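In my numbering, the protein residues as written are 4 to 272.
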């Protein structure tokens, strides 16, 4: 991520260093306050390296909504980075106030899986693909859920290496500060529809409410991909490091093509 950003978007790297007082890539494992700006920068850097392809519609998974809005011309990249820095800091502060955890649940009986989450007072923070849900909430019930989904639902369970219960009510302390940052940010009409991963529909002319909702509401990625596919998307290109979203798209809309821009860059090289 660092090398591509330094080569393609040195302006964003310089801004990130100024906003944070350090290089986010050198401290990417320190917490959400550095990870989110690093991912934002890398997403736009990979997009530029691939030739800044224009899509007929775009979306972003959680933080990726900011990069999607930039790609669609609705948000200036410098403003997007400022929001990423603020978002990461506020979410980390919320996690420090009430530590939480997240648990990826793979396969198993989904009805039973959801019942276990409800019984333990856990939120479904992510619906990433068919057979892949993520629980979000307090650490103690997350530990209990890990045992129960294996025993009662026949599912695999993996504790995620995150510092908080993202996309759950535990992020409520971050809402006021992020609302203020969004209110101070200018948005323009987007060139193409930008699909919200919480509503699964395109943002309206003012995306602030949708961006704010993503702090405490689930990422409905499965439904978002299906909505885009129903509206005509037959090819999905992922920007940013890795190919996790490409895999999710292939599982969710198997009759569509899904490729990672990083994969295409490697092939071209």
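Think of the CB as a built atom: it goes at the ideal place given N, C-alpha and C, for glycine as much as any other residue.
For clarity, every value in this text was computed on a predicted model and none was experimentally measured.
The C-beta separation of residue 42 from residue 66 comes to about 6 Å, placing the pair in contact by the 8 Å criterion.
The three-state secondary structure of residue 58, taken from DSSP, is coil. In the structure shown, the three-state DSSP call for residue 205 is strand. Under DSSP, residue 262 shares a beta bridge with 240. Shown here for residue 19: same chain residues with a beta carbon closer than 8 Å to its own, the five before and five after excluded, namely 26, 27, 40, 41, 44, 84 and 88 in chain order. Taking C-beta separations shorter than 6 Å and ignoring five residues to either side along the sequence, the partners of residue 98 in its chain run 166 and 167, following chain order.
The beta carbons of residue 75 and residue 197 sit about 5 Å from each other, so the pair counts as a contact at 8 Å.
The beta-carbon separation of residue 140 and residue 126, rounded to 6 Å, stays under the 8 Å limit for a contact.
Minimum Cα-Cα distance from residue 215 among the listed residues 12, 178, 227 and 78 corresponds to 178. The bridge partners DSSP lists for residue 139 are 105 and 126. For residue 101 and residue 33, the gap between their C-alpha atoms comes out near 18 Å. Here residue 145 is buried, its C-beta having at least 16 other C-beta atoms within 10 Å. Per the coordinates, the alpha-carbon of residue 70 lies some 21 Å from the alpha-carbon of residue 132. For a cut-off of 8 Å, the C-beta gap from residue 95 to residue 188 is around 20 Å, too long to register as a contact. In the displayed model, residue 160 falls within a strand according to three-state DSSP. Boundaries of the alpha helix (DSSP H) harbouring residue 94: 80 to 100, taken from the DSSP string.
A check of alpha carbon separations from residue 135 across 78, 260, 254 and 193 identifies 254 as the nearest. Between residue 204 and residue 184, the gap from beta carbon to beta carbon reaches 8 Å or more.
Segment contact: the region 168 to 176 against the region 208 to 228, three or more CB-CB distances shorter than 8 Å; contact assigned.
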